[in-house]
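Working notes, beginning with the structure itself.
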Amino acid sequence: MKLFTKYNRINITATIIIFLAGSVAFYFVLDYVLIRQLDASLRSEKQEITEYIQLHQQLPEIQNTKEQWIQITKASQPISNSITKTIPAYNKSENEREYIRQLIFMVTVNKENYLVAVNKSETETDELLKLIIPLTLSMVALILLFNYLINRRLITSIWQPFYNTINNIKDYAANQQSLTLSKEPIDEINLLNESLNKMTEQIHKDFYALRSFTENASHEMQTPLAIIRTKVESLYQLAEGKEIMMQQLLSIEDACLKLSKLHQSLLLLTKLENKQFILNELIQLKSILEQKCEERTELLESKHIKLQIDAANFEIHFHQHLAEILISNLLNNAIRYTAIGGTISISLFQKQLIVSNTGTTGSLDLDKVFTRFYKASDTGTGLGLSIIKEICTSAGFSISYVYEKNMHHFIIGFQA
Amino acid sequence: MKLLIVEDEYSLRHSMIEFLTTSSYLCESSSNYQDALEKIELYDYDCIILDIMLPDGSGLDLLKSLKQNNKSDGIIIISAKGELDDKINGIEMGADDYLAKPFHLSELAVRVAAIIRRKSFQGKSNLIIGNISIDIQGKRVTIENKELDLTQKEYQLLIYLAINKNRVLSKNAIAQHLWGDDMDFPDNYDFIYAHIKNLRKKIVAAGSEDCIRSIYGEGYKMQIA
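Chains as they are written, first to last, in the working numbering: chain G, 600 to 1015; chain P, 68 to 292.
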């Protein structure tokens, strides 16, 4: 949700609630005040009648109007206090129901008791109250409209530097130069920009430090490995006639080989993550695929694996070396996990490359299959598939894994 | 044949000297840039084995100065920087070959032999091992004038064994030489054994003695008296 939308939502809700509560309270207060006023005028009427009776000892002439009329009846029994009440009545001339405020009191003329009822119509009060509702509603609407217009202008202009900053950091990648966000007149945004500048500068430095560390560490490790390997090779010459020694030397050499492959793989992964490759070469995947399969002919034969290739000829924008690594890794993976006598089938088309192989172990763990050092068996470095995934990610390809009908399928979509 | 080995790491330098000396090369060595520069200016070598990262300079600068002086010494770069760009860089600057660390000494021996053959004999010499004669240029193998019909891999294997004759070569080294190192080898190297077996059969069938020996199936050796 946008800042402006969120702000507006809260603002509008609060305004509506406040105005509704306000108008309800206003209604009751006004009602109370108006009724009291009505009662006061009724009481002054009573006063007038009482005074007239005291003066003249007879009932006054009654002049009834539309708003006020007086009824005098003989009292069957005397009442001590005057009664004030609101009663519904029917107005014949207006043909509608309306409320009447009535004050009933007792007068005594010539020792006879009379009940006097002074009536006043409440219509005026009601009409006044009825006016309040549309008035309040139109006030709410007006205030909301102006609030909205003012806020929109204000928020967009005040928050503009903030949105500029967001736009700048949105596309920031660690291998880029650090950000240089401008100074702003608003303190908070200025602080934000300064912190971001500092932060990205640090990220940038750390990124390069880590990158050169990884590369140097990797290179420095190759020399001792080379020494181990050459010494093992010299020792082979002394191992003739000693089978155990030969076997042990071979496992040292294997470990050495694995270590150096691990290094190369980690270095490659780091480079891929750092986006150090420029993927703009036009590549014929078919010829690479054929060459890599050809290299593995003997290996496939030794495991009696049947290889089916169905490939189309087309070019895509990619990187020669990465394409070779991608296909090699896919093939290595398929060959490693195919049992003797199994089948590998590869289909390569403009849209996608699918490498499938028979597998008896069931589906690989879908969540972990592309995770580093995830291995379904104890062979290999466990980095092959994560390298494949990183290459696909950096080239903008999609990669997925499916297990279906005893076959593992690795599907690479070129138009992700 | 005279070689210069430029490598700052003592152990590695000595392993190379030891190994290549037994291949009857005359080996000289340098552990730093200055010393190597003096040596290449004063003498001619058939092949120079050059490490790129030296304590006081870059092997690539040595390569540059060799090219500037129009020296025709063969050059093979050995570097810990096994990346493709470095490889292409080295070759473009005039190196004959590039070998990433860690490497097998037997692999180095084959590469050095190939460079020397190309430089010194324009590839015209025959490699003769016992009574086997290998015509490198024509890719023909004959035993007492009988031509052997070898597959590509068997031919590569024979040259590898021949150049490293009388040496025990591990299955690993053979597999890497024949199939490169981007391949993933299964734990059993049966498919190497199959190639060795076929090559032996063909050599014996042509009338030569069975000179390839298996060392418990873990390694192989071409034994030539």
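No residue lacks a Cβ here, since even glycine has one placed at the ideal position from N, Cα and C.
Predicted model only: the values in this text are computed from it and were never measured.
Assigned with DSSP and collapsed to three states, N712 (chain G) falls in strand.
The closest CA to that of E989 (chain G), considering only G:S946, G:T960 and G:I924, is found on G:I924.
The three-state secondary structure of S859 (chain G), taken from DSSP, is helix. Shortest Cα-Cα distance from I182 (chain P) to any of P:G284, P:N231 and P:I115 involves P:I115. D102 (chain P) has its alpha-carbon roughly 26 Å from the corresponding atom of H171 (chain P). For A103 (chain P), the nearest beta carbon of chain G is not closer than 8 Å to its own beta carbon.
G981 (chain G) is outside the set of residues whose beta carbon lies under 8 Å from a beta carbon in chain P.
For D964 (chain G), the closest of G:T685, G:Y973 and G:S622 by C-alpha to C-alpha distance is G:Y973.
Taking 8 Å as the threshold, the shortest C-beta distance from G286 (chain P) to chain G falls below it. For P823 (chain G), the enclosing alpha helix (DSSP H) starts and ends at D786 to Y835. In the displayed model, T604 (chain G) falls within a helix according to three-state DSSP.
Under DSSP, the beta-bridge partners assigned to K719 (chain G) are G:Q667 and G:R700.
The three-state secondary structure of E660 (chain G), taken from DSSP, is coil. Rounded to whole angstroms, the separation of the alpha carbons of V968 (chain G) and Y807 (chain G) is 30 Å. At a cut-off of 8 Å, the C-beta of Y283 (chain P) has a neighbouring C-beta in chain G. Looking only at G:V628, G:S985, G:L861 and G:Q836, the smallest Cα-Cα distance to D966 (chain G) is reached by G:S985. Only exposed fits Y689 (chain G), as fewer than 16 other CB atoms lie within 10 angstroms of its CB. Look at the beta carbons and you see the region 842-856 of chain G touching the region 235-246 of chain P: at least three pairs across the two are nearer than 8 Å. Burial is judged here by how many other beta carbons sit within 10 angstroms of a residue's own beta carbon; M738 (chain G) has fewer than 16 and is exposed. Shown here, Y165 (chain P) sits in a strand according to DSSP, grouped into three states.
In the pairwise beta carbon analysis, the region 116-125 of chain P is classified as touching the region 87-104 of chain P: at least three pairs are separated by under 8 Å.
Across the set P:I195, P:K206, P:D153 and P:K148, the C-alpha of P:I195 shows the shortest separation from the C-alpha of A292 (chain P). Leaving aside the five residues that flank A180 (chain P) on each side, the residues in its chain whose CB is nearer than 6 Å to its CB run, in chain order, I230. Here L79 (chain P) is buried: its Cβ has 16 or more other Cβ atoms, across all protein chains shown, within 10 Å. When the five nearest sequence neighbours on each side are left out, the beta carbons in the same chain lying within less than 8 Å of the beta carbon of E880 (chain G) are those of H916, F917, H918 and Q919, in order along the chain. Taking a C-beta cut-off of 7 Å against chain G, none of the residues of the region 111-132 of chain P qualify. Against chain G, the CB of K220 (chain P) has a partner CB under 8 Å away; the residue lies at that interface. Under the three-state reduction of DSSP output, A688 (chain G) falls in the strand class. Residues of the region 225-242 of chain P that bring their beta carbon within less than 8 Å of a beta carbon in chain G comprise R234, V235, L236, S237, K238, N239 and A240, in sequence order.
One Cα belongs to N750 (chain G), the other to F603 (chain G), and the distance between them is close to 8 Å. Interface with chain P (8 Å Cβ-Cβ cutoff): D964 (chain G) is excluded. Contact check for T942 (chain G) against N928 (chain G) fails: the beta carbons are separated by 8 Å or more. For the region 247-274 of chain P, residues whose beta-carbon sits nearer than 8 Å to a beta-carbon of chain G comprise G247, D248, D249, M250, D251, F252, P253, D254, D257, F258, A261 and H262.
What L172 (chain P) touches in chain G, judged by beta-carbon distance under 7 Å, is T829 and E832, going in chain order. In terms of beta-carbon proximity, E894 (chain G) lines the interface with chain P, with at least one pair separated by less than 8 Å. Under the three-state reduction of DSSP output, G141 (chain P) falls in the strand class.
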